Structures are given as C-alpha cells and as structure tokens.
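Worksheet for the structure shown next.
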Amino acid sequence: MDSKFLDTTAKLEKFLSELGNCDGQPPRLYVDLEGNNLSRNGTLSLVTILLEPEGDVYLIDVTTLGRGAFTTAGIGGRTLQAVLESKDIIKVFFDIRNDSDALFGLYEIRVAGIEDLQLMELASRNFSKRLVNGLAKCIERDSTIPFVERRRWQLVKDNGKHLFDPQRDGSYAVFDQRPLQKDIKEYCTQDVTFMPHLRDIYRRKLCDAWWRKIDVETNGRIQLSQSPSFRGKGQHMAQ
Numbered sequence: 250m251d252s253k254f255l256d257t258t259a260k261l262e263k264f265l266s267e268l269g270n271c272d273g274q275p276p277r278l279y280v281d282l283e284g285n286n287l288s289r290n291g292t293l294s295l296v297t298i299l300l301e302p303e304g305d306v307y308l309i310d311v312t313t314l315g316r317g318a319f320t321t322a323g324i325g326g327r328t329l330q331a332v333l334e335s336k337d338i339i340k341v342f343f344d345i346r347n348d349s350d351a352l353f354g355l356y357e358i359r360v361a362g363i364e365d366l367q368l369m370e371l372a373s374r375n376f377s378k379r380l381v382n383g384l385a386k387c388i389e390r391d392s393t394i395p396f397v398e399r400r401r402w403q404l405v406k407d408n409g410k411h412l413f414d415p416q417r418d419g420s421y422a423v424f425d426q427r428p429l430q431k432d433i434k435e436y437c438t439q440d441v442t443f444m445p446h447l448r449d450i451y452r453r454k455l456c457d458a459w460w461r462k463i464d465v466e467t468n469g470r471i472q473l474s475q476s477p478s479f480r481g482k483g484q485h486m487a488q
C-alpha cells in the first residue's frame, strides 16, 4: 500500500506534468481530502489522489505547500486547481459536500466534473434510499475483496482512527503534524484504493435516468456546500 508524498513544488510540478490527457476520459482521478475539522472553518491538510488504471496514489501536502498546492503549475501550465475546476476531467469523490466546502471556503476553488460515489451507491440500491451510507459501510457491505484483504483493511482503518478520532482519544490535528505518521499515510491511501472497485459495482446497476439524477444531485450538493448557510455536520448529512 505505497504512496508518493508530494511536499515540494518540484514534486507537485512533476506529478502535474506527467498526469497526461484526462479530458473526456473515463475517471482517472479518485480523490479524498483530510483535515482538522475539514471545512471552511477548519484546515485542509491532505489531498489524496489515486490515478487509474496505474493504481498509483499521491498524497499532496497542503499543510506544507499551502495555496501553492493548488497554484503550482506543471508543464503546459496545468494546476491542481484547474484540474479540480475542469468540467472535462472527471474526478470521483465520496460525498463531495465537506470537501467542496473546504476547497471553496479556504481556497476559492469551485469544483466541477464530479462523480459522487456516495450518490451512486444510493441510486444503485434496491431497498430504502432514505439515508446515505459512509464509505466504510459501503466497503463492508458491497466490496468483494478476499477475507485476508478485508482484515487488513479493518486493521489500517482502526489504526488510523485511534490517532484522529476524538472518541478514541485521538485528534484530527494529526493530519497537520509533520512528519506525517505512517498509520495516517496508510489510512489515507487505503480510502481511495477501494473507490474504483465500488464504482464499478454501482455503475453496472445504473441506467441513464439514474445517472442524470445523480448528476443533478451532485451539482446541487456542490452549490449547497458553497452557500453561506451550509453546515457540514449533523444528522441532516445522512439524508
């Protein structure tokens, strides 16, 4: 479960320069954000990106790079902000709301070209669609990974949560601590590696009508997350 830690502009420039042509392609970028109270009122510490089909994972160190994480350009002038705002480059997130809130509130980034995996799961169900599921529940219920790999996933998840979950005497501040702890790196890396597998499972269950509904709802989530009244915590987030 290796990943590449991008904490200098030179490393980020290389990543952006080698990203290749993503316009109009099937999703190549699976993205997850972490931070201390990830929102407009907290910090955005890490952007984790899985590139498919290569299977390479990159952790972009926003704590160290600051705004440069989004404004540093590769060959051709492409920045991470431009990638996130492009309608032509599809990015897969799991529940875009808090990620979009942080990106917009802290860095004025208006995401576009988003597939929301949480909404794909909701739409693919043949039972109640009243409440959404978290990523861990989707992996537990829907993934077809072998038993040994599932145990490894659970161990990595638990090790990470012990460090950042306040209910387990952890603190989200660990995402801003440098050097980044190995268990946190593995936690971040693991989250995105399961997303293509889940997307493939849900995608096969969806017709064109559901895809259109997902697109409308995803855009609605993005607009809501950028509004002054958005609250990213509470029971309403499960609806």
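Each step along the sequence shown adds one to the number in my numbering, with nothing skipped, and position 83 is 332. Glycine included, C-beta positions come from ideal geometry on N, C-alpha and C. Quick caveat: nothing in here was measured; it's all calculated off a predicted structure.
query, result
"Start-end ranges of the alpha helix (DSSP H) lying completely within the region 258 to 300, minimum 4 residues", "258 to 266"
"Nearest to residue 329 (by Cα), restricted to the options 265, 428, 348", "265"
"Cβ pair residue 254, residue 314 closer than 8 Å", "no"
"Span separating the alpha-carbon of residue 427 from that of residue 458", "46 Å"
"Those runs of the alpha helix (DSSP H) which lie wholly inside the region 406 to 458 and span at least 4 residues", "431 to 442, 444 to 452"
"Cβ-Cβ distance between residue 366 and residue 448 below 8 Å", "yes"
"CB of residue 421 within 8 Å of CB of residue 285, strictly", "yes"
"Simplified DSSP state of residue 253, which is helix, strand or coil", "strand"
"Continuous alpha helix (DSSP H) assignments of at least 4 residues falling wholly in the region 344 to 390", "345 to 356, 366 to 373"
"Closest Cα partner of residue 386 within the set 375, 397, 406", "406"
"Stretch pair the region 388 to 407 + the region 270 to 279: three plus CB contacts closer than 8 Å", "no"
"Cβ separation of residue 344 and residue 362, assumed to be a contact under 8 Å, to the nearest whole Å", "16 Å between Cβ atoms; not a contact."
"C-beta atoms of residue 312 and residue 262 nearer than 8 Å", "no"
"Nearest-angstrom Cα separation, counted from residue 357 out to residue 469", "18 Å"
"Cβ-based neighbour list, residue 443, same chain, cut-off 7 Å, excluding 5 preceding and 5 following", "388, 392"
"With 16 other Cβ atoms within 10 Å as the buried cut-off, status of residue 304", "exposed"
"Where residue 464 falls: helix, strand or coil (DSSP)", "helix"
"Beta-bridge partners of residue 482, as assigned by DSSP", "Answer is none; residue 482 lacks a bridge partner."
"Closest residue to residue 359 among 396, 484, 288, 475 (Cα-Cα distance)", "475"
"First and last residue of the uninterrupted beta strand (DSSP E) at residue 339", "Segment: none, residue 339 is in no beta strand (DSSP E) and carries neither H nor E."
"Validate contact between the region 349 to 356 and the region 282 to 298 using beta carbons, cut 8 Å, 3 pairs", "yes"
"Own chain, CB closer than 6 Å to residue 301, minus 5 neighbours either side, in chain order", "277, 445"
"Simplified DSSP state of residue 312, which is helix, strand or coil", "helix"
"Spatial neighbours of residue 244 in its chain, beta-carbon cut-off 8 Å, leaving aside the 5 residues before and after", "Residue coverage of the chain in this structure runs from 250 to 488, which leaves residue 244 outside it and unanswerable."
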